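Position one of the sequence shown corresponds to residue 849 (the numbering used here), numbered consecutively onward.
The C-beta atom is built at its ideal place from N, Cα and C for all residues, glycine as well.
Note that this is a predicted model, so its numbers are computed, not measured.
Beneath this line is the structure, given in structure tokens, with notes to follow.
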Amino acid sequence: MRNVKKFAAIALAAAMTVSLYACGKDAKSDDKVKSTESQSVTQSEADIVSEVVELYLRDAYEDKIEDFKTASVKVYTADDIAADSTLADYDLNDNDIVFAIVYELKIADGVDPIEFTAATGDVDGQWVRNKSNCGILKYGEDGEYTVSNFGTGF
């Protein structure tokens, strides 16, 4: 049943992505990804993490980020979560996604990239590379993923 729920959540999030881009909507309206029903499009949990984190950062920093590139995403399995005692304190549901992400940000002209290197990240011109964070995507009853516990450690 858990796998069916996860698959449905992933499929729903993928449909939202396609809908946003097809309709030309501005994806940075908030840090959530609304899910809609779809049977033909699927999206991996890693892709969902990448998309939601990008929306979250673009919303938090408004026009300071020109580009976002995901280098890697680790999605924690049930075994990974069970083995990490720090995650026991979190109220995780079946559809929540625990993750670690490494990404790059191209910072807008006139903005100091050092602002984006707190704890992690290397400045390379207007790019901040090797930026890493971990967190939880909480899946709400309304079908939206929300970034939770986003930081450099749990």
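Query                                                                                         : Result
C-beta atoms of L935 and F998 nearer than 9 Å                                                 : no
C-alpha distance - A894 paired with T918, whole-angstrom precision                            : 10 Å
Rounded Cβ spacing between Y987 and N943 (contact assumed at less than 8 Å)                   : 4 Å
According to DSSP, residues forming a beta bridge with K986                                   : T994
Cβ-based neighbour list, W975, same chain, cut-off 8 Å, excluding 5 preceding and 5 following : E952, L953, K954, I955, P961
Length of the line joining the Cα atoms of G983 and I896                                      : 13 Å
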